[in-house]
Structures are given as C-alpha cells and as structure tokens.
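*Asks:*
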Amino acid sequence: MLSSPVAKRDRTTGLSRRQAMTALSATLASCWLPAFDARALPLSYSLKPEKLTDGVWMIPGAQEAITQSNGGAIANITILDTKAGAVIVDTGPSLRFGSALSALATELTGKPVARVYITHFHPDHVFGNQAFEAGTIATTPAVVKGLEALGEAFADSMYRSAGDWMRGTELKLPGKIIEGGVEDFGDRRIRCLPMRGHTDSDLVLFDEKSGILIAGDLVFLDRAPTTPHADFERWRISLANLGGIPCSRIVPGHGPSEDTDRGIRQTRDWLEAVYAMISDAFEKGLDVSEAVALELPSWTNKIALARYEYERTVMHLYPKLEAGKLPRVDAQSR
Amino acid sequence: MRLLASTFLLLLVSGAAYAAPPSDPLGSPMWADMVERVLEGGEVVFDDKVKVVVPSIVENQAQVPVTADARALPGVTKLVVFADLNPIQHVLTLTPGKSAPYIGFRMKVEQGTPVRAAAQTADGVWHVGSVYLDAAGGGCSAPAMARNEESWSTTVGQTQGRIWRDISGLARARFRIRHPMDTGLARDNTPAFYIESVKVTSSAGAPLATLQMFEPVSEDPTVTLMLPLAPSDGAIDIEGRDINGGLFRSQITAPWRQSNVVVPRG
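Chains H and Z supply the protein sequences, listed in that same order.
Residue numbering for the first sequence follows our numbering, beginning at 17 and increasing consecutively.
Residue numbering for the second sequence follows our numbering, beginning at 109 and increasing consecutively.
1) By how many angstroms is the C-alpha of residue 293(Z) removed from the C-alpha of residue 234(H)?
2) Using a Cβ-Cβ cut-off of 8 angstroms (strictly less than) and excluding sequence neighbours within five positions of residue 243(Z), which residues of its own chain qualify?
3) Alpha carbon to alpha carbon, how far is residue 305(Z) from residue 289(Z)?
4) Smallest Cα separation from residue 135(Z): which of 176(Z), 164(Z), 239(Z), 317(Z)?
5) Take residue 293(H) and list the residues in its own chain whose beta-carbon comes closer than 7 angstroms to its own, dropping the five residues that flank it on each side.
6) Flag residue 252(Z) as yes if its beta-carbon sits less than 7 angstroms from any beta-carbon of chain H, otherwise no.
7) Could you pull out every unbroken alpha helix (DSSP H) segment of at least 4 residues lying fully inside the region 230-313 of chain H, listed in chain order?
8) Taking just the CA atoms, how far does residue 348(Z) sit from residue 355(Z)?
9) Which of the three DSSP states is assigned to residue 83(H) in this structure?
10) Using a C-beta cutoff of 7 angstroms, does residue 39(H) count as contacting chain Z?
11) Under a Cβ-count criterion, where at least 16 other Cβ atoms within 10 Å of its own Cβ denotes burial, should residue 355(H) be classed as buried or exposed?
12) Check whether the Cβ of residue 272(Z) lies closer than 7 angstroms to any Cβ atom in chain H.
13) Quick check: the Cα distance between residue 326(H) and residue 312(H), rounded to an integer number of angstroms?
14) For residue 206(Z), count the other beta carbons within 10 Å of its own beta carbon; 16 or more makes it buried, fewer makes it exposed. Which is it?
15) Assuming residue 267(H) contacts residue 304(H) (C-beta within less than 8 angstroms), just tell me the rounded distance between them.
16) Identify each residue in the region 338-363 of chain Z for which the Cβ-Cβ distance to at least one residue of chain H is less than 7 angstroms, and report them in chain order.
17) Could you pull out every residue in the same chain whose Cβ sits closer than 7 angstroms to the Cβ of residue 153(H), ignoring the five residues on either side in sequence?
18) Rounding to the nearest angstrom, what Cα-Cα distance links residue 268(Z) and residue 67(H) in this structure?
19) By Cβ distance, which residues of its chain are closer than 8 angstroms to residue 332(H), with the 5 residues on each side in sequence left out?
20) Which residue or residues does DSSP assign as beta-bridge partners of residue 305(Z)?
21) Rounded to the nearest angstrom, what separates residue 145(Z) and residue 192(Z) at their Cα positions?
22) Pop quiz: residue 320(H) and residue 201(H) are said to be a contact at Cβ under 8 angstroms. What is the actual Cβ separation, rounded to whole angstroms?
23) In chain A, which residues lie with their C-beta within 8 angstroms of the C-beta of residue 327(H)?
24) Have a look at residue 38(H) and residue 344(H) and give me their C-alpha separation to the nearest angstrom.
25) Do you know whose CA, among 274(H), 108(H), 347(H), lies nearest residue 174(H)'s CA?
26) Could you spell out where the alpha helix (DSSP H) holding residue 262(Z) opens and where it closes?
27) Let me check understanding here. Comparing Cα to Cα, which of 295(Z), 321(Z), 314(Z) lies closest to residue 303(Z)?
28) Could you give the C-beta distance for residue 159(H) and residue 217(H), rounded to a whole number, given that I count them as a contact under 8 angstroms?
29) So is residue 178(Z) in contact with chain H if we call contact Cβ pairs under 7 angstroms?
30) Is the region 87-98 of chain H close to the region 265-282 of chain H, with three or more CB pairs under 8 angstroms?
31) Would DSSP call residue 237(Z) helix, strand or coil?
32) Looking at chain Z, which residues of the region 145-161 of chain H have a Cβ within less than 9 angstroms of any of its Cβ atoms?
33) With DSSP as the reference, label residue 334(H) as helix, strand or coil.
34) According to DSSP, what are the bridge partners of residue 222(Z)?
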C-alpha cells in the first residue's frame with residue numbers, strides 16, 4: 017500500500033522520475049526475468065473512428081479520468097479528409113496514440129497528414145505530437161507558451177497516471193503558429209477561431225464544408241468539465257459565442273458529438289452551478305473539505321465524473337476566492 | 109527491516125515503560141517511529157472520533173487541503189497533525205484551549221503518505237485518526253511560488269480573514285497569512301523560513317487557541333478554526349511569528365458584534 021520514497025528528480029543524477037524509470041526498466045531487461053517478459057506485452061490503442069459525415073471522422077475518448085487502463089485516451093480526436101491530405105484535430109495522450117492516429121488518418125483518407133491542429137495545451141490532447149512533423153502541427157502562440165511552461169510537469173503527471181502507455185513520449189512543441197483566419201485545403205476550408213476560458217487559449221475549428229464545429233474542451237457533453245486552468249467568466253462568454261455559430265454538428269472535447277447545442281448548454285449550466293455552489297460555500301465560511309462534501313444538484317447524476325470534477329474544481333477555485341475575496345485585516349492595511 | 113529491529117530493541121530496552129503502540133491499520137513503516145518522536149511515546153489508541161479529511165485526488169502537492177477534526181472527542185488538550193512519509197513529518201500542533209479541536213489548512217506532501225491527527229486528552233492518551241493520501245511527489249522540494257516573484261518581501265505577513273457565526277455557537281475564523289513557508293528542502297537552496305507560531309486571542313486579551321506550525325504547512329497558510337468568542341468580544345487578534353522573528357499582527361472583527369469591538373491601543 018505504501019510506496020517507497022522516490023524523489024521527483026534525483027539530486028545526484030539529475031534524472032527526472034521518467035528518465036529514472038526508463039533506466040530502471042533497461043536494467044531489468046538486461047537480466048533474464050520470465051515474469052517480466054510475460055507482462056511486457058506491448059500496449060496498443062484500438063482507435064474506433066465514428067463517421068460523422070463524408071470525409072469527417074471522430075475518435076471518441078473514454079468518458080473517464082486518465083488511468084492505466086485507458087492509457088489517457090479520453091479526449092475526442094477528429095480526422096478530416098481534404099485534397100491536400102488528412103487534417104487532424106488534437107493528437108491524444110502519448111507517442112503510441114499519435115502513431116496509431118497517424119496510421120489511421122492515412123488509412124481513412126489514403127493521404128499523408130497535411131495539418132494537425134492543437135485545440136489547447138492539456139496533456140490528453142497534445143502528447144501524440146511526436147508522431148507528426150513539427151511544421152504540420154499548428155496552434156496559437158499562447159498554447160505553445162503554455163506547453164513551454166507546463167509541458168514537462170504534464171508529462172510527469174501523465175507517466176504517473178497512465179503508466180507504460182506513455183513509454184517513449186516526450187513533449188513536442190507545435191511548429192506552426194496561427195492566430196486565426198482560414199486555411200484552405202483545396203476542397204475544404206477550415207476556419208480557426210481562437211477563444212479562451214477552458215484555458216488561456218482554446219482554438220475552435222469550423223469546417224466550412226460540412227458545417228461541423230470542433231469545439232475542443234470549451235464544450236463537454238455528459239462528462240463533467242475540467243477546470244485546472246479555467247477562467248469561468250471568459251468560458252461563459254466563449255460558450256455564448258459558440259452558441260451563435262450556425263453549425264450542423266458540434267464535436268465536444270469530451271463526450272458524444274450531436275447535431276444540437278446540448279453540449280454548449282450543459283457545459284454552461286454545469287459551470288454556473290458549480291461556481292455558484294463553491295462561492296456560496298466560501299461566503300458561508302466553509303472549509304475546503306466541507307465544500308467538497310456538499311451534495312450536487314440531482315440533474316448532474318447522469319454526467320460522468322461529476323463528483324470527481326466537482327472536487328477538483330473546489331480545489332482550483334478555493335485558493336483564488338480566498339486570495340481575492342477575504343478582506344485584509346492586518347495592521348498595514350488599516 | 110533495520111527500523112523494525114531497532115524498534116524491537118527499543119522495546120526491549122525500555123521494558124515496561126511503554127505499552128507497544130497498536131499496530132497501524134495503514135501498515136506504515138514509520139508508524140512506531142512517529143509514536144516515539146511526534147507523540148513522545150505516550151499511550152496511543154486508534155479512534156474513529158478523530159477524523160482526518162483529505163481530497164481523493166491531489167493535483168497540487170504543494171497545496172493539499174487537510175481537515176483534522178476531533179470535536180467528537182471530549183476534553184482534547186492538543187491536536188497534532190503529522191504525515192509519516194513526508195521528509196518533515198510534524199505538520200502542526202493546535203492547542204485548542206476552549207476552542208474546538210478542529211483545524212482546516214493546506215499542506216505540502218513529497219509523496220503518497222498516511223496523514224494523521226492525534227488528539228491528546230487530559231489523561232495523556234493520544235487518540236489517532238489516520239487516512240492514506242495518494243499523491244505524486246514534489247511538494248516539499250519545490251520552491252515557494254513567491255520565490256518566482258520579486259515582491260514576496262513586500263507582501264509577507266499581509267493577512268486576510270473573516271469570521272462567521274457557526275451553528276455550534278462558536279465563531280468560525282478563516283484567515284490567510286502571506287508567507288513563503290520555505291521548507292529548506294527546495295532545489296533552489298532557499299533555507300527554511302516559515303511561520304512557527306500563531307496565537308489567537310480575543311480582542312479583550314483572552315487566549316483562544318495556539319498553533320505551532322512547521323515547514324510542511326503550505327505557502328500563504330490558510331487556516332480554519334472554531335473559536336469561543338465571549339458575548340462581550342467583538343473581534344479576535346492574531347499574532348503570527350516566523351523563525352526569523354518576524355511578527356504579523358491582525359484583527360478580525362465579528363460582523364454580528366460590530367458594536368462591541370475593542371480597538372487595541374498602541
């Protein structure tokens with residue numbers, strides 16, 4: 017039950033936990049250990065594309081947290097067929113996933129990958145990047161900046177939660193910066209809509225040909241939204257803007273794609289409800305543990321990971337509320 | 109193994125002086141050592157009346173919310189919080205006086221660890237509640253966030269707070285004192301620098317609760333306490349002191365007793 021003490025970064029060797037794990041497994045592999053051989057069957061993702069319309073597929077992510085059984089494949093990935101080549105939105109959690117995704121995109125479209133878009137900097141969306149040419153991977157300047165700042169920490173945390181699925185995965189930064197506008201792939205034009213709220217920079221993509229809106233993690237459906245880098249007010253504005261875009265179908269970052277705006281409404285209602293609950297708890301003087309224990313409204317019962325994400329959101333919001341809203345009481349302030 | 113052996117030896121040497129501590133339901137290799145060092149070998153029982161609440165998910169190892177609650181146990185004189193597998197195990201000690209044996213705060217963890225609250229009753233017995241906190245590492249060896257900012261020295265000691273009337277009749281105080289709370293273990297070699305004591309008194313001068321804190325308490329300590337506020341009192345005074353002798357004084361007024369506020373002189 018208790019793990020042995022492991023320093024995050026070994027002070028003597030300067031190795032990260034990940035590098036140390038790799039070194040350790042190399043050492044183990046050099047001995048002949050049948051028990052380890054039997055367990056070392058390579059893990060492989062089975063990607064099951066759903067056809068949304070002609071030339072557009074979505075690979076649904078599991079409606080779960082990142083675990084060693086799903087390998088972190090929890091985010092939706094979109095593949096579009098264009099004259100110029102395959103266009104992919106988000107690359108998934110690991111090198112292994114990215115490689116499978118690249119192969120699948122080529123198989124579905126019969127063409128090499130022309131463009132990869134990254135919707136935002138969260139690890140379940142970007143760690144498949146290694147399977148693609150840096151110059152084909154496009155995103156906003158703020159996403160690159162976010163990855164530069166937190167990418168290594170994300171990698172460490174992914175190795176911890178997804179385990180061996182991450183083998184060989186390293187941070188790879190996108191090599192193409194976009195600030196908006198339209199990219200023309202011959203028979204398909206894709207409009208890039210930079211927004212924010214779920215994170216500091218959320219890239220929404222609109223396929224003019226099919227009318228499909230690829231919303232990234234600004235929209236969650238039947239799966240509770242995650243908030244580690246959220247700005248609730250900005251997110252609400254972005255959702256209102258998304259609701260104003262006429263589209264044939266919405267692909268959320270997590271959850272089923274639908275030809276309704278249910279995802280937008282549900283995400284908006286969730287954010288509004290949990291923000292109200294948490295700020296009310298804060299205003300009543302509740303401690304973090306007491307706020308975490310509050311009962312969620314019954315309509316959230318059907319939403320996957322509601323309790324789990326609510327608890328995370330309490331921990332994301334409480335320190336901000338305390339820093340921002342508790343009045344100054346020290347002698348210097350009087 | 110060596111630890112077990114030395115514990116065994118210690119028991120042999122000390123003979124009947126101590127009863128052996130009850131075996132730890134969490135199976136921590138540090139348990140016997142913790143009883144010896146943090147609880148100073150006193151008599152120990154595991155007691156469900158002492159609750160420790162930690163989150164089921166830890167994303168930020170430098171800010172893990174912990175609530176230690178021994179309100180179900182009468183006559184608590186001391187409430188100690190410790191984490192067996194932290195590099196610095198003793199987190200804090202609350203001497204509640206007439207206030208509730210209850211504290212909410214945030215702490216740093218270096219890895220997954222048992223987190224325990226030990227409530228000592230007047231007969232000297234430690235009543236221990238435990239929980240296992242699953243977490244990744246790094247909270248104690250990461251530099252304080254404030255160390256990335258030039259301005260930390262201008263904000264150190266700034267205090268924010270509020271008090272509420274609790275349904276128990278006590279005053280519920282929540283306050284946050286700006287302080288880097290350096291552990292001395294950070295990779296940037298910053299030496300230990302932390303608030304070591306917080307005294308809470310009524311504005312009329314009656315002691316309400318004393319808090320002894322150590323390095324594992326998170327940066328900008330944010331604390332929830334339940335304090336007895338006499339009807340004649342309209343405010344509480346807080347005095348924090350760090351290990352460099354820095355004194356941080358603040359006063360929180362009870363909004364429902366504004367007319368009773370005693371303004372301190374000098």
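We put the beta carbon where it would ideally sit given N, CA and C, even for glycine.
*Replies:* Checking against the coordinates, here is how it stands:
1) 39 angstroms
2) 166, 169, 172, 217, 219, 220, 221
3) 12 angstroms
4) Ranking 176(Z), 164(Z), 239(Z), 317(Z) by CA distance to the CA of residue 135(Z) puts 239(Z) first.
5) Exclusion of the five residues before and after residue 293(H) leaves 310 as the residues of its chain whose Cβ lies within less than 7 angstroms of its Cβ.
6) no
7) 248-259, 278-299, 304-308
8) 6 angstroms
9) coil
10) Unreliable placement is indicated for residue 39(H), whose pLDDT of 48 sits below 50; the coordinate value is still reported in the next sentence. No, because no Cβ of chain Z sits closer than 7 angstroms to the Cβ of residue 39(H).
11) No answer is possible for residue 355(H): it lies beyond the span of chain H, which begins at 17 and ends at 350.
12) yes
13) 8 angstroms
14) Exposed is the call here.
15) With 8 angstroms as the limit, residue 267(H) and residue 304(H) do not qualify as a contact, their Cβ atoms being about 35 angstroms apart.
16) From the region 338-363 of chain Z, only 356, 357, 358, 359, 360 have a Cβ closer than 7 angstroms to chain H.
17) Answer for residue 153(H): 132, 134, 145, 190, 191, 192, listed in chain order.
18) 55 angstroms
19) 243, 244, 246
20) 320(Z), 349(Z)
21) 11 angstroms
22) With a beta-carbon spacing of about 34 angstroms, residue 320(H) and residue 201(H) fall beyond the 8 angstroms limit used to define contacts.
23) Absent from the structure: chain A. Protein chains present are H and Z.
24) At residue 38(H) the pLDDT is 49, less than 50, meaning the model places this residue with poor confidence and gives no usable figure here.
25) 108(H)
26) 260-263
27) 321(Z)
28) 5 angstroms
29) no
30) yes
31) strand
32) Against chain Z - using a Cβ distance shorter than 9 angstroms - the region 145-161 of chain H contributes no residues.
33) Secondary structure at residue 334(H): helix, using DSSP grouped into helix, strand and coil.
34) 240(Z)
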